[in-house]
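Below is one structure, written out as structure tokens; the observations come after it.
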Amino acid sequence: MRSIRRGDTGPAVEEIQSILVGLELLPAVADTFDGATENAVRAFQQSRGIGVDGLVGPETWQALDGARWKLGARTLYHSVPTSLVGEDVRALQERLLEMGFDSGRADAIYGPRTARAVAQFQREVGLTPDGSCGPQTMKALRRLGRKVVGGRPQWLREAEAFRQSGSSLVGKTIVIDPGHGGAEDLGVVVPDGQLRWTEADLVFDLANRLEGRLLAAGMRVHLTRGPSPVQPMTGQERAALANSLGADLFISLHLDGQESPAADGVATYHYGTGNGLTSTVGERLANLVQREIVVRTGMRDCRIHAKTWELLRLTRMPAVRVDLGYLTSPTDRERLVDPAFREQVVEAILAAVQRMYFPVEADVPTGSIDVRQLRLALASRNA
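So the sequence shown is numbered by this note's numbering: it starts at 5 and just counts up by one.
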């Protein structure tokens, strides 16, 4: 589909505005795709982790279409080959998890695992276990309260599997995702004198350096893209690639941009929702990455945050996205364009990855790991 943008009119624009009104991002439906609509689209894209451009292309439209549904507004069921997708599905999955039924990660996709969890719930309350969520099932869901207290089963299983995998990095698989990429998706672009710096180029250089360090530590490393991909990849495609590789960890690298040059600092994101549902292991990885980078580089600490972005929601392994500073900040930019500084960032991420595999009781202080010793340890192991 052609991207819908400012100045466009017609039924598609009215439908987009109607969804945005329902999400309380727009006060009313207008005749055209005006400035208020563009700002609302940008706010929606930011909240969903989609590239913020104010245009409604295929990825933004898919997210808007899913966001229109509220739990109970339609019957949900496992559809083949195209699964039902939407915010109502995610709300159902979170409700099931709170009640102790394992629907997997709340990814907003009504797949077989969600259908099995619904059927299990239906059996317990005396309904026909057909795996679909209609009026009777919704009535039972509203009637019953939360069962699980002090943790959710899938996160406890994930944490235990991680603990049992051992402290060595050798043989473990990690996917490094340099954000953006390709002639049509450069991310944040900033001219600086005779030079022009792009987010896509800088994060690929960081990913390439990190790949070398992780390989030297014995890990199996995959990058989601090369330096100049033909087509940009969506968050869904990047998550699907990581899942197909059976990765143990996923780290996405980005830079940020802001109209104000005063905005600076590093922030890290993990999967989580506004009601407290979070990936326990993903949150720990985010904490370690954030703390190591701040301590080793002195960047402003913009802290960690829980998000439901596709990149974090659809990956089946602990996943984080790291925004490594603002390219629009003169302070951050001066650092980021320096190869020596990028090496510091790489060392910080490598140290965080190693600490992920230490048992919590055997963890070490932030900034204390000498990452050069990881390569020497591997060499002595192979000698």
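Yeah, the Cβ is synthetic: ideal placement off N, Cα and C, and Gly gets one too.
{"query": "Where does Ser83 sit, in a helix, a strand or coil, going by DSSP?", "result": "coil"}
{"query": "With burial defined as no fewer than 16 other Cβ atoms inside 10 Å of the residue's Cβ, what is the status of Ser232: buried or exposed?", "result": "exposed"}
{"query": "Where do the N-terminal and C-terminal ends of the beta strand (DSSP E) with Asp181 fall, by residue?", "result": "Thr177 to Pro182"}
{"query": "Go ahead and pull the three-state DSSP assignment for Pro195.", "result": "strand"}
{"query": "Helix, strand or coil for Val64, going by three-state DSSP, please let me know.", "result": "The sequence given here places Thr at residue 64; Val does not occur at that position. Helix."}
{"query": "Give me the DSSP bridge partner(s) of Ala310.", "result": "His274"}
{"query": "Looking at Arg120 and Gly135, is the spacing between their C-beta atoms short of 8 Å?", "result": "yes"}
{"query": "For Ile180 versus Val225, is the C-beta distance shorter than 8 Å?", "result": "yes"}
{"query": "Under 6 Å Cβ to Cβ from Leu219, same chain only, skipping five residues before and after it: list those, please.", "result": "Val225"}
{"query": "Would you call Ser333 buried or exposed, if buried means 16 or more other Cβ atoms sit within 10 Å of its Cβ?", "result": "buried"}
{"query": "Are the beta-carbon atoms belonging to Leu253 and Val357 less than 8 Å from one another?", "result": "yes"}
{"query": "I think Asp196 touches Arg337, with their Cβ atoms under 8 Å apart; what is that distance to the nearest whole Å?", "result": "7 Å"}
{"query": "Helix or strand or just coil, what does DSSP make of Leu259?", "result": "strand"}
{"query": "Can you tell me which of the three DSSP states Phe254 falls into?", "result": "strand"}
{"query": "Quick one: Cα of Phe208 to Cα of Met360, how far?", "result": "23 Å"}
{"query": "Who are the near neighbours of Val270 in its chain, counting only those whose CB is closer than 8 Å to its CB and skipping five residues on each side?", "result": "Gln294, Ile297, Val298, Thr301, Met303, Arg304, Asp305, Cys306, Val326, Asp327, Leu328 and Gly329"}
{"query": "Look up Leu328 in the DSSP assignment and say whether it is helix, strand or coil.", "result": "strand"}
{"query": "Nearest CA to the CA of Ser264: which residue from Val194, Gln66 and Ile255?", "result": "Val194"}
{"query": "Assuming Leu148 and Gln140 form a contact by the criterion Cβ under 8 Å, report the distance between their Cβ atoms to the nearest whole angstrom.", "result": "Incorrect: roughly 13 Å between the Cβ atoms, too far for contact."}
{"query": "Quick one: grab the DSSP three-state call for Gly155.", "result": "At Gly155, the pLDDT of 47 sits below 50, so the modelled position is not reliable; the number obtained from the coordinates is stated separately. DSSP places Gly155 in coil when its eight states are reduced to three."}
{"query": "Could you tell me the distance, in whole angstroms, from the CA atom of Arg217 to the CA atom of Pro343?", "result": "15 Å"}
{"query": "Would the beta-carbon of Thr13 fall within 8 Å of that of Asp35?", "result": "yes"}
{"query": "According to DSSP, is Ala40 part of a helix, a strand, or is it coil?", "result": "helix"}
{"query": "From what residue to what residue does the alpha helix (DSSP H) around Leu227 run?", "result": "It is not in any alpha helix (DSSP H) - Leu227 instead sits in the beta strand (DSSP E) that spans Arg224 to Leu227."}
{"query": "So Ala323 and Gly286 are supposed to be a Cβ contact under 8 Å. How far apart are they, rounded?", "result": "6 Å"}
{"query": "Shortest alpha-carbon distance to Val129 belongs to which of Leu292, Leu29 and Met103?", "result": "Met103"}
{"query": "For Val89, which residues does DSSP report across the bridge?", "result": "Ile113"}
{"query": "Please classify Thr284: does DSSP put it in a helix, a strand, or coil?", "result": "helix"}
{"query": "Leu75 and Phe48 - do their beta-carbons sit closer together than 8 Å?", "result": "no"}
{"query": "Could you say which of Leu340, Ala16 and Asp374 lies nearest to Ala221 if we only look at CA atoms?", "result": "Asp374"}
{"query": "According to the Cβ coordinates, are Pro133 and Ala144 closer than 8 Å?", "result": "no"}
{"query": "Can you name, in chain order, every residue of its own chain whose Cβ lies under 8 Å from the Cβ of Asn43, other than the five neighbours on each side?", "result": "Gly58"}
{"query": "Take the Cβ of Glu314 as the centre, count every other Cβ of all protein chains shown within 10 Å, and call the residue buried at 16 or more, exposed below.", "result": "buried"}
{"query": "Please check the pair Ala251 and Thr282, which I expect to be a contact at CB under 8 Å, by giving their CB distance rounded to whole angstroms.", "result": "Ala251 to Thr282, Cβ: 20 Å. No contact."}
{"query": "Exposed or buried, which one is Val349 when buried takes at least 16 other CB atoms within 10 Å?", "result": "buried"}
{"query": "Near Trp73, what residues of its chain come up, given a Cβ to Cβ distance below 6 Å and the 5 sequence neighbours on each side ignored?", "result": "Gly90, Glu91 and Asp92"}
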